[in-house]
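Report on one structure; see the data block that follows.
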Amino acid sequence: MTERSGTSGGLPPDVADVLDLILNPDDPVHAALRRQVPHLGVTSRCTCGCGTAHFALDPAEVEPAPTGPGTVVAAEAQLFAASGECVGEVLAFARAGYLSWVEVCSWSDDGPGTAGLAYSTVARSPWAPLSGDVM
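For the record, in the sequence shown the residue sitting at position 94 is 1562 according to the working numbering, with numbers rising by one throughout.
Structure, rendered in structure tokens:
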């Protein structure tokens, strides 16, 4: 993965929308991560065209989520085609309780590779995440 650097004040709409979909406000860990979203900035995005975005956050601005030490997959959702076939997934990673990056993985060249396409796939899917669990 080749990345381009830069800083953004806030998140691009495609990334914010995906995080909004996969972070369940009824889950205490996800609720804590959702409180971090307004404080996130993008430091880099993958240049291959996928939806991967890395974040920066001032930890003095918001409390960490109770995810434990190290890096964890804090939220995930599988992406399904209209046929019901799984075509990829979206993963949100947290490091030491802070959102660190979101990754959009496609299992083929036909799957949704960008965060915007992943959002539309999850949003229209009858398997859309309701509990934050993998579908």
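The beta carbon of each residue, even a glycine, is placed where N, CA and C say it ideally should be.
- With respect to the C-alpha of Leu1479, the residue from Pro1493, Phe1523, Gly1552, Ala1564 having the closest C-alpha is Phe1523.
- DSSP, reduced to helix, strand and coil, places Ala1499 within a helical segment of the structure shown.
- For Val1558, the uninterrupted beta strand (DSSP E) segment begins and ends at 1554 to 1563.
- When secondary structure is reduced to three states using DSSP, Leu1567 falls in the strand class.
- Taken in chain order, the whole alpha helix (DSSP H) runs of length 4 or more contained in the region 1494 to 1543 are 1496 to 1502.
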